[in-house]
Amino acid sequence: MALFKKFLQKICNDDGSKDFKDGSAKFGTVKADPNFNAQNDAAKLKKAIETKGVDEATIVEVIAQRSNAQRQQIKAAYQQSTGNPLADALKKVLKSDFEEVVLAMLMTPPEYDAFEMKRAVKATRSEDCKIDDGLAKSDAKALFEAGENRVGTVCSVLIDVLTSRSEAQLCKIFQYYGKYSKEGLAKALESELHGNFEDCLMTLVKSAWNKPAFFAEKLHLAMKGLGTNTDTLTRIIVSRSEIDLLKIIQEYKRMYGKTLQEAILKETSGDYEKILLALCGTQ
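In the numbering used here, the protein residues as written are 1433 to 1715.
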């Protein structure tokens, strides 16, 4: 922990007055090294990593005193000279918070943003295919008691159940929920909730109950009305083309009385239309 604090102090600069030059404000605490040499830094890091006990001070000196663009050059130089990624080498010898900061600084800003976003939205959903009948019954009752059967909705119960149970388990819960409610959970959520929160929970319910139907609805909405949401159209057809697009096509026909291919022909044109139809199995 002491080394972690030292590392953070190394990259922090409390004297804001130094950030002003020629009337412009530069608020970053880390600047590019004017005497930068990627090969030399890569060699320093290699030696620091291979030193018995690891030379953390050198790692701090090199990583914390180079700009992100320079760190990318160091990574390239290290891999070229050793044949191994720098991040992999550091993972083997570092640990705890110090490792986390060093690896974060080796990422490009977009890579780090994506990494943090993925970590932030990582769900704790069970992937167990086995169904716990007793738990399904108690969860169904808990959902009913938290929503339909009271004034005001206990959102924490909805979030806990819908985000932590496997899709197979959720389907069983929805079946038992029908014993408490004539409307069903989807209708109950529509009447109890609103806005983005409703959309989020409805997505969890619909995708668990019938995923192909869920995607068929999304495709229909993407082509409904004036204009076509080509981003949604592309994302679903491409991402599901090797998974369950055939089932989605079947559900689309069942739900809307026409084929997905007919809708694509009506709403798109040219090469874009041709490649979508090809992915749908229409040559």
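A virtual CB, placed ideally from N, CA and C, is assigned to each residue, including glycine.
Contacting residues, own chain, Cβ-Cβ under 6 Å from residue i (five flanking each side not counted)
i, result
"P1517", "Q1511"
"T1700", "none"
"I1605", "A1568, D1571, A1572"
"A1521", "I1481"
"A1600", "C1561, I1563"
Sequence-distant residues of the same chain with beta carbon closer than 7 Å to residue i, five excluded per side
i, result
"A1654", "T1660, N1661, T1664, L1665"
"L1709", "Q1693, I1696"
"T1514", "K1478"
"F1646", "K1638, S1639"
"A1648", "I1680, E1683, Y1684, M1687"
"Q1497", "D1465"
"I1668", "F1647, K1650, L1651"
"V1586", "A1578"
"G1657", "none"
Environment of residue i [buried if 16+ CB atoms lie within 10 Å]
i, result
"A1508", "exposed"
"A1620", "buried"
"C1561", "exposed"
"A1474", "buried"
"I1675", "exposed"
"V1670", "exposed"
"L1590", "buried"
"A1552", "exposed"
"L1633", "buried"
"L1602", "buried"
Residue i: CB within 6 Å of a non-hydrogen atom of the ligand FAD
i, result
"Y1704", "Inclusion of the ligand FAD in the displayed structure is not the case, the ligand content being empty and no account of it being possible."
Own chain, CB closer than 8 Å to residue i, minus 5 neighbours either side, in chain order
i, result
"M1539", "F1547"
"T1691", "I1681, Y1684, K1685"
"K1463", "S1499"
"P1644", "D1676, K1679, I1680, Q1682, E1683"
"K1398", "It is not possible to answer for residue 1398, since the shown part of the chain is limited to 1433 through 1715."
"T1595", "A1555, T1556, R1557, L1636"
"E1615", "E1580, S1623"
"K1523", "E1531, L1535"
Assumed close pair residue i, residue j - CB separation to whole angstroms, cut-off 8 Å
i, j, result
"Y1688", "H1652", "6 Å"
"S1558", "R1597", "6 Å"
"S1673", "L1711", "5 Å"
"V1593", "L1617", "That belief does not hold up - the Cβ atoms of V1593 and L1617 are roughly 10 Å apart, past 8 Å."
"M1537", "I1506", "Incorrect: roughly 11 Å between the Cβ atoms, too far for contact."
"V1486", "V1533", "No, V1486 and V1533 are not in contact; Cβ-Cβ is about 15 Å, not under 8 Å."
"K1476", "T1461", "Actually they do not touch by this definition, with Cβ atoms about 22 Å apart."
Contact with chain B by residue i, beta-carbon distance below 7 Å
i, result
"I1680", "Absent from the structure is chain B; it holds one protein chain and no more."
Review point. Do the region 1463-1478 and the region 1492-1502 meet, that is, are 3 or more Cβ pairs less than 8 Å apart?
Key: Taking a contact to require three or more Cβ pairs closer than 8 Å, the region 1463-1478 and the region 1492-1502 qualify as touching.
Practice item. Kindly confirm or deny that the region 1538-1545 and the region 1572-1582 touch, where touching means at least three C-beta pairs closer than 8 Å. Key: Result no; under three Cβ-Cβ pairs closer than 8 Å.
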